[in-house]
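Read through the structure below, which is laid out as structure tokens, and then see the notes.
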Amino acid sequence: MDARTLQTVKTNVKIPALVQWFVRHHVVILEVAAARGHVVCRSSDEVYTCGEGFYGKLGLGGLASSFIPQRVRFPERSHPERLCGIAAGDDHTLVLRESSAVGAVVYHFGKMGNGDGQLTPIIIAAPATINRIGAGRGTMSTALTSDGLLYVWGKHSTIR
Numbered sequence: 001m002d003a004r005t006l007q008t009v010k011t012n013v014k015i016p017a018l019v020q021w022f023v024r025h026h027v028v029i030l031e032v033a034a035a036r037g038h039v040v041c042r043s044s045d046e047v048y049t050c051g052e053g054f055y056g057k058l059g060l061g062g063l064a065s066s067f068i069p070q071r072v073r074f075p076e077r078s079h080p081e082r083l084c085g086i087a088a089g090d091d092h093t094l095v096l097r098e099s100s101a102v103g104a105v106v107y108h109f110g111k112m113g114n115g116d117g118q119l120t121p122i123i124i125a126a127p128a129t130i131n132r133i134g135a136g137r138g139t140m141s142t143a144l145t146s147d148g149l150l151y152v153w154g155k156h157s158t159i160r
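The sequence shown finishes on residue 160 if you use the UniProt record's numbering, and the numbering steps up by one all the way, no holes.
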């Protein structure tokens, strides 16, 4: 990806370049995750995605690619949620939020384990004690609880 525009390019960018969009919009990024063709960024209270939109992995409601960071909109919830983490897989994205009412809430968008694409964030049924998430090849997803228990799901999640 071109570091300035976040567009997929065939050339290798040899030195780090500042992504000006976040500077122009006064967004301070706290965490970034990158995978095949897309980037996910987290500020203190927002998630931004950009890159290739295959399977809806940008969470923007469609399949279109976006080479300008776009804010992901999450479903309205009855209790406020704090943003805790992000993960980018080849074909999907995970977001970890926490609610004082229910504990951890894991959102998924992009390719599902059954091969379908999810265009907007949906909640994945998961233990309330999750404190870290990960995403990998295909739709492989991982979650780690505060007790040290590891959960896996999606395609390529053959760990038992």
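Backbone N, C-alpha and C fix where the C-beta goes; we use that ideal spot for every residue, glycine too.
Computed from a predicted model, the values in this text were never measured in an experiment.
Taking the alpha helix (DSSP H) that residue i belongs to, which residues open and close that run?
i	result
residue 22	20 to 24
Taking the DSSP output, what are the residues bridged to residue i?
i	result
residue 151	143
residue 134	142
residue 31	42
residue 77	DSSP lists no partner for residue 77.
residue 57	Bridge partners of residue 57: none, in fact.
How would you write the range of the beta strand (DSSP E) that residue i sits in, first residue to last?
i	result
residue 40	38 to 42
residue 122	117 to 124
residue 66	66 to 71
residue 100	Here residue 100 belongs to no beta strand (DSSP E), and DSSP marks it neither H nor E.
residue 51	47 to 51
Under 8 Å, do residue i and residue j count as touching if we go by C-beta distance?
i	j	result
residue 146	residue 129	yes
residue 106	residue 126	yes
residue 70	residue 48	yes
Compare the C-alpha of residue i against each of the options and name the closest.
i	options	result
residue 44	123, 96, 111 and 110	96
residue 68	25, 103, 124 and 89	25
residue 136	35, 46, 100 and 108	35
residue 64	77, 50 and 74	50
How would you label residue i, buried or exposed, when you count the other beta carbons within 10 angstroms and need 16 or more for buried?
i	result
residue 118	buried
residue 116	exposed
residue 111	buried
residue 79	exposed
residue 81	buried
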